[in-house]
Amino acid sequence: MKLLGILGGMSWESSAHLYALLNREVAARMGGLHSARLLMHSVDFAEVEAMQQRGDWAAAARLLGEAAAGLKAAGAQALLLATNTMHKVADEVQAQAGLPLLHIVDATAAALQAQGLRRVGLLATRYTMASDSFYQERMAGHGLELLTPPATAAEEVNRVIYEELCRGQLRPQSRAHYLACVEEMASRGAQGVILGCTEVGLLLDAEAQRLSPLPFFDSTVLQARAAVDWMLAGADSAPLGGKSPGEAAAPGLGRPEFLN
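Per the working numbering, residue -6 is the first one in the sequence shown, and the count goes up by one each step.
Here it is, written out as structure tokens:
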């Protein structure tokens, strides 16, 4: 199994969730006592969030790039950035680290394309939902059109992420607001909705999916599955009755390419 480096802590709530997803996916595929070979550098999110607020993305890229270089020195063979928003500086981080980085947009786009979707809603931070964001641009490159909530509703989506979800608070009224956003985007022709912040899937869980008019595409889950595809690539068999990597992958997900 290959050794994966994770840049986490943005927030630690979602990083803990991703850590569990990766290990459960490896265990499901390989069986027995198998778990994921991982290295994680968890940053202080308060520092990163302050850089976001003042628009100092170059400083954030340097901070994450240095952490990523440390992961490479420790033996990591590729990188996973455990946050959607900070993929804004993914190219810079990858260049500074000298390691390939699995891009969360590519993993998510592959799942959407596999379902034949072309117009989807997006719930994320304001940096990710912005009309000129890296996220919108990269999704457009995959032939996907993104819809976001109206301005006032989008600001509330962003507030909930930073003031509640990143602090482990899951409130029914916030879930109701997110579901109302989903319904509004469905009325404009959205065929599905991307949970495009790593914390959003904690709020919009299986119960929320049952109440939603649209299917959810949880970017964190899709990122984890694609990462395990890479970690286990080349395995000829699954010991102890586990599934092979191909059998366990989400239908049509495939293996998104690492950035070069």
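Even glycine gets a Cβ: it sits at the ideal position worked out from N, Cα and C.
Go ahead and pull the three-state DSSP assignment for residue i.
i	result
His96	coil
Met3	coil
Ala71	strand
Arg203	helix
Arg112	strand
Glu250	Only weak support is given to the placement of Glu250: the predicted model assigns it a pLDDT of 39, under 50, and the value that follows is read from those uncertain coordinates. Here Glu250 sits in coil by DSSP.
Pro232	Unreliable placement is indicated for Pro232, whose pLDDT of 36 sits below 50; the coordinate value is still reported in the next sentence. Reduced to three states, the DSSP call for Pro232 is helix.
Gly48	coil
Gly194	helix
Ala242	Per-residue confidence for Ala242 stands at a pLDDT of 33, beneath the threshold of 50, marking its modelled position as unreliable; the derived number appears in the next sentence. Looking at Ala242 - three-state DSSP - the assignment turns out to be coil, as it is neither helix nor strand.
Gly58	helix
Gly63	helix
Using CA atoms only, rank isn't needed, just tell me which of the options is closest to residue i.
i	options	result
Ala69	Ala83, Leu94, Ala53 and Arg152	Leu94
Ala153	Ala169, Gln184 and Ala21	Rather than Ala, the amino acid found at residue 153 in this sequence is Val. Here the closest residue by C-alpha is Ala169.
Ser126	Val98, Tyr171 and Leu105	Val98
Gly96	Ala147, Trp223 and Gln216	Just to set this straight, residue 96 is His in the shown sequence, not Gly. Answer by Cα proximity: Gln216.
Ala107	Asp84, Glu130 and His135	His135
Phe209	Cys159, Ala20, Met224 and Val193	Val193
Gly185	Ser205, Leu92, Ala20 and Ala43	Ser205
For the alpha helix (DSSP H) containing residue i, name the first residue and the last one.
i	result
Ser167	Pro165 to Ser180
Leu31	Here Leu31 belongs to no alpha helix (DSSP H); instead the beta strand (DSSP E) covers Leu31 to Ser35.
Val186	That residue, Val186, is in no alpha helix (DSSP H); its beta strand (DSSP E) goes Val186 to Leu188.
Gln129	Phe127 to Gly134
Glu149	Ala144 to Glu156
Val86	Ala83 to Ala90
Buried or exposed for residue i, please, with buried defined as at least 16 other CB atoms from any protein chain shown within 10 angstroms of its CB.
i	result
Ser124	exposed
Lys81	buried
Gln45	buried
In terms of residue numbering, what span does the beta strand (DSSP E) encompassing residue i cover?
i	result
Glu138	Glu138 to Leu140
Asp211	Phe209 to Asp211
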